[in-house]
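Each number in this note's numbering comes from the position in the sequence shown (counting from 1) with 43 added on. Backbone N, C-alpha and C fix where the C-beta goes; we use that ideal spot for every residue, glycine too. Worksheet for the structure shown next.
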Amino acid sequence: MRIGIVTATYLPSRNGVATSTALFARGLRARGHDVRIFAPRHPQMPPHEDGVYRLNSSFAGARALGAPADYPVMLAPGPLLTSRLPLRDLDVLHTMHPFLAGQLALRWSRASGAPVVYTAHTQYDQYLHYTPMPRVGQAVLRPHVSAFARRVNAVLAPGRAMVEMLREYGYAGPVDLFPNPVDLAAFRAANGAAFRAGFHVSPDTPLVMYLGRLAPEKNLEVMLRAFALARASRPELRLLVVGDGPSRAPMQALAHGGVTFTGPVPYEQVPGALAAADAFITASTSEVLPMSMIEALAAGAPLVAAQSPAALDLIEEGVNGTVRPATPEALADGLLHTLHPDRLPGLQAGARASAAQYDLPVRSAALEAVYEQARAGRPSRRRG
Numbered sequence: 044m045r046i047g048i049v050t051a052t053y054l055p056s057r058n059g060v061a062t063s064t065a066l067f068a069r070g071l072r073a074r075g076h077d078v079r080i081f082a083p084r085h086p087q088m089p090p091h092e093d094g095v096y097r098l099n100s101s102f103a104g105a106r107a108l109g110a111p112a113d114y115p116v117m118l119a120p121g122p123l124l125t126s127r128l129p130l131r132d133l134d135v136l137h138t139m140h141p142f143l144a145g146q147l148a149l150r151w152s153r154a155s156g157a158p159v160v161y162t163a164h165t166q167y168d169q170y171l172h173y174t175p176m177p178r179v180g181q182a183v184l185r186p187h188v189s190a191f192a193r194r195v196n197a198v199l200a201p202g203r204a205m206v207e208m209l210r211e212y213g214y215a216g217p218v219d220l221f222p223n224p225v226d227l228a229a230f231r232a233a234n235g236a237a238f239r240a241g242f243h244v245s246p247d248t249p250l251v252m253y254l255g256r257l258a259p260e261k262n263l264e265v266m267l268r269a270f271a272l273a274r275a276s277r278p279e280l281r282l283l284v285v286g287d288g289p290s291r292a293p294m295q296a297l298a299h300g301g302v303t304f305t306g307p308v309p310y311e312q313v314p315g316a317l318a319a320a321d322a323f324i325t326a327s328t329s330e331v332l333p334m335s336m337i338e339a340l341a342a343g344a345p346l347v348a349a350q351s352p353a354a355l356d357l358i359e360e361g362v363n364g365t366v367r368p369a370t371p372e373a374l375a376d377g378l379l380h381t382l383h384p385d386r387l388p389g390l391q392a393g394a395r396a397s398a399a400q401y402d403l404p405v406r407s408a409a410l411e412a413v414y415e416q417a418r419a420g421r422p423s424r425r426r427g
């Protein structure tokens, strides 16, 4: 198949959509498909990218909309640039965004006759506080997303949180539950010794990790308070907070003993970072199905997570982690429970086993089947 992926964010931007898009492109190409990615220009993009077609973008627009610093906003291509893009022979179009990228996918669908697949990745309500007029944004956002979902040929969602969001927005059509992929090969081969050594964590020190964006919606203060409570019982515990974002400075000011903020790490170092952890902790209740949590499982780090649809999707209680109420006391208890020496080895083995369903070849084959069904006009079998 000739597959066109229209995305508002792509590497070297660092977020779940950009990473999962790049992984799916690699997995689909390995299955023999011609994958063409249409993405905004980025100042740090490589000089040559096979199969990637860059559209104009604006960092000023990103700041106005409250987007992360490395998330340039795509601009609509003019007729001349559009005429140079390889669009007319596409068999299927896939987008993760109901705004400009999605509108381009619909427009290009009319030119090529290709069906459009939409993956609903983002709980937009959770991010409206970054915008100048959040109430106005919500009033416009919900009917727009719902209307867009009704216009495409197939709707995917990585977890139940997104299915619930689409229903709340007014979309009543079919939704396929479709988790993100992980390159398990990279995590199976990872060794966390170097990452531990880099932050002066000895091999026998119980190490807890959070990896992700540092922002208000991640509930980081609750996470830090939970770790402090757990460390009062086990003073040898360490916490590495890996990532960056607007909350980094205020959270560093709140953190006490045993906590190190590492800053961001290149994606190729993520397997080694997560392999260094004995457990992964998150207090966020806004996640959809975050890749960092799936990657933690792949690295053998059981999850200690605040109750959320994403946590319930990923965690089998007592097998690969634990789900607790989003309070410091409950999460501290879950962390101590998980790190108990009699329990931890079994949870780590369960984490690795549970990640198998997210392996890139498995997810790529499943996405190929979704595309084939969209082309044939057949409804998908799995419904959310």
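- For I358, the three-state secondary structure derived from DSSP is coil.
- Minimum Cα-Cα distance from R277 among the listed residues A344, L346, M334, D376 corresponds to D376.
- DSSP, reduced to helix, strand and coil, places S101 within a strand of the structure shown.
- The region 278-335 contains, as complete alpha helix (DSSP H) runs of 4+ residues, the segments 291-297, 313-318 (chain order).
- One Cα belongs to A341, the other to L257, and the distance between them is close to 22 Å.
- Annotated as distal: R281 and V308, with beta-carbon spacing of 9 Å or more.
- Y96 has F81 as its beta-bridge partners, per DSSP.
- The Cβ-Cβ distance between L346 and I324 falls below 9 Å.
- Per DSSP, reduced to three states, the secondary structure at H187 is helical.
- Rounded to the nearest whole angstrom, the CA to CA distance from A204 to G300 is 34 Å.
- For the set L199, F304, R45, the Cα lying nearest the Cα of V331 is the one of L199.
- DSSP places L227 in the uninterrupted alpha helix (DSSP H) bounded by 227-231.
- Here T248 is exposed: its Cβ has fewer than 16 other Cβ atoms, across all protein chains shown, within 10 Å.
- Using a Cβ distance threshold of 9 Å, T125 and T162 do not count as a contacting pair.
- Counting along the chain, the unbroken beta strand (DSSP E) around V198 starts and ends at 197-200.
- By the Cβ test, the region 66-81 is in contact with the region 94-104, since at least three Cβ pairs between them sit closer than 8 Å.
- Scanning its chain for C-beta atoms nearer than 6 Å, with the 5 sequence neighbours on each side dropped, one finds around V366 the residues A348, Q350, A354, I358, in chain order.
- A check of alpha carbon separations from A237 across L317, A68, L130, Q391 identifies L317 as the nearest.
- The closest CA to that of A292, considering only A73, P83, L263, is found on L263.
- Exposed is the label assigned to E415, since fewer than 16 other Cβ atoms lie within 10 Å of its Cβ.
- The beta carbon of R193 sits closer than 8 Å to those of Y214, G216, all from its chain and outside the five residues before and after it, given in chain order.
- Assigned with DSSP and collapsed to three states, H76 falls in coil, not helix or strand.
- Of the other Cβ atoms in all chains shown, fewer than 16 fall within 10 Å of the Cβ of A240; this residue is therefore exposed.
- Under DSSP, D219 shares a beta bridge with L199.
- Counting along the chain, L124 sits inside the alpha helix (DSSP H) bounded by residues 122-127.
- Taking the Cα positions, R131 is about 6 Å away from A154.
- In the DSSP annotation of this structure, the continuous segment of the alpha helix (DSSP H) that includes T381 starts and ends at 371-382.
- Going by beta carbons, L283 and V225 fall outside the 9 Å limit.
- Residues L254, G255, R256, L257, P307 of the same chain have their beta carbon placed closer than 7 Å to that of G286, with the five preceding and five following residues left out of the count.
- For Y414, the enclosing alpha helix (DSSP H) has its first and last residue at 403-419.
- The beta carbon of S189 sits closer than 7 Å to those of Y212, G213, Y214, all from its chain and outside the five residues before and after it, given in chain order.
- With at least 16 other beta carbons inside 10 angstroms of its own, L227 counts as buried.
- For Y310, same chain residues with a beta-carbon under 7 Å away, outside a window of 5 residues either side, are R57, T62 in chain order.
- Beta-bridge annotation (DSSP): V366 is paired with A348.
- Here D321 is buried. Its C-beta has 16 or more other C-beta atoms within 10 Å.
- When secondary structure is reduced to three states using DSSP, T62 falls in the helix class.
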